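Since the structure comes first, as structure tokens, the remarks are kept for the end.
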Amino acid sequence: MTSSEETFATIVDCMGPIYLQYATWMKMKKLDKEIGSMEKSLNRQNLEVLLENEVYRACLDQNDLLEKVNNISSKNPRGYKDEDKKSKETKETKRANAKIVVDDANEKLIVEINENTKLPLFLGREGKEFKEDGTFINLRPFTDSKTVSHLHAQIDYDPKQRVYQLLSIGRNGTHIDGVAHVKEQGECPLIDRAMIQIGGFRMKFVYC
């Protein structure tokens, strides 16, 4: 390449950015003319009316959306289906199944507790006529201890906590997991495989 050709190439390279800036300026000038002609065709009053209409239309769209949202939330605040709500209520009120077994290697069944079991459940020793409203479980086939009262413990179900609770009603108290409980202490929640001791006889409360 000769020196004159190199000089021409250098000039072309330098003119590139200038051409680009010039083209950009021409486009901006053309756009400015278009804006000017638009301002002339639309007077200030018409422009204000146009803007007011656009704002009003936007408000209507927003109110329509709010109305739809309010309708949905008022019909179903949490977004649950009716079937899901009924299923949840049934699950919360359905009684948990459980059983009481002898606390030994064989874990012989004493009583099974389910939806058909009439609560409260009374644990005690046969001897007196049972007059309470509930189900009586005679412990005599499992122990001959004289310290077991005729009505020694009462078991009921708390649907809110979904847990069975034991109330000691016998004279000699009841031990739950090694801790003594008497009637004045109120109900004691029964956890899974809780150990219940009545008059030296030990049982396990098992959730199924």
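For the sequence shown, full-length UniProt numbering assigns the number 1 to the initial residue and increments by one for each residue that follows. No residue lacks a Cβ here, since even glycine has one placed at the ideal position from N, Cα and C. Bear in mind that the values here come from a model prediction, so they are computed numbers and not experimental data.
### Query
Which word fits G186, buried or exposed, when buried means at least 16 other C-beta atoms lie within 10 angstroms of its C-beta?
The residue you call residue 186 lines up with position 186 of the sequence shown. By the 10 Å Cβ count, G186 comes out exposed.
### Task
Please classify L121: is it buried, with 16 or more other beta-carbons within 10 angstroms of its beta-carbon, or exposed?
Indexing the sequence shown from 1 puts residue 121 at position 121. Around the beta carbon of L121, 16 or more other beta carbons sit within 10 angstroms, so the residue counts as buried.
### Task
Measure the Cβ-Cβ separation of S168 and H181 and say whether it is below 8 Å.
One-based indexing of the sequence shown puts residue 168 at position 168. One-based indexing of the sequence shown puts residue 181 at position 181. Contact flag set, yes.
#### Entry: Y207 versus I176 - alpha carbon distance
Walking along the sequence shown from the start, residue 207 turns up at place 207. Walking along the sequence shown from the start, residue 176 turns up at place 176. Distance between the alpha carbons of Y207 and I176 is about 16 Å.
### Task
Quick one: measure Cβ to Cβ for L190 and D156, integer angstroms, because I've assumed they're closer than 8 Å.
Locating residue 190 in the sequence shown gives position 190, counting from the first residue. Locating residue 156 in the sequence shown gives position 156, counting from the first residue. In this structure L190 is not in contact with D156, their Cβ atoms being roughly 10 Å apart against a cut-off of 8 Å.
### Task
Starting from G170, follow its DSSP beta bridges and name the residues at the other end.
One-based indexing of the sequence shown puts residue 170 at position 170. Note: G170 sits in no beta bridge, so no partner.
### Task
Can you tell me which of the three DSSP states D32 falls into?
Within the sequence shown, the letter at position 32 stands for residue 32. Helix at D32.
### Message
Closest to G173 by C-alpha separation, out of D158, Q154, A96, would be which residue?
### Response
Taking the sequence shown and counting its residues from 1, one reaches residue 173 at position 173. Out of D158, Q154, A96, Q154 has the C-alpha closest to the C-alpha of G173.
### Query
Is it right to say M28 is buried, meaning 16 or more other beta carbons lie within 10 angstroms of its own, or is it exposed?
As a first step, residue 28 must be located in the sequence shown, where it is residue number 28. M28 should be labelled exposed.
### Message
Quick check: what's the CA-CA separation for E115 versus R95?
### Response
What you label residue 115 is simply residue 115 of the sequence shown in a count that begins at 1. What you label residue 95 is simply residue 95 of the sequence shown in a count that begins at 1. Rounded to whole angstroms, E115 to R95 spans 6 Å at the Cα level.
### Query
Looking only at C-alpha atoms, which of S145, P141, K33, I113 sits nearest to F205?
Walking along the sequence shown from the start, residue 205 turns up at place 205. Closest by alpha carbon: I113.
### Query
With distances taken from CA atoms, which of K33, L123, T24 is nearest F201?
Position 201 of the sequence shown, counting from 1, holds the residue named residue 201. The option with the nearest alpha carbon to F201 is L123.
### Query
Skipping 5 residues on each side, what residues in its chain have a beta carbon closer than 7 Å to that of D103?
Indexing the sequence shown from 1 puts residue 103 at position 103. Result list for D103: M195, R202, M203, K204, in chain order.
#### Entry: Cβ separation of T143 and G199, assumed to be a contact under 8 Å, to the nearest whole Å
Working through the sequence shown from its first residue, we reach residue 143 at position 143. Working through the sequence shown from its first residue, we reach residue 199 at position 199. Indeed they touch by this definition, with Cβ atoms about 7 Å apart.
#### Entry: Boundaries (first-last residue) of the beta strand (DSSP E) holding F122
Position 122 of the sequence shown, counting from 1, holds the residue named residue 122. Start and end: 121-124.
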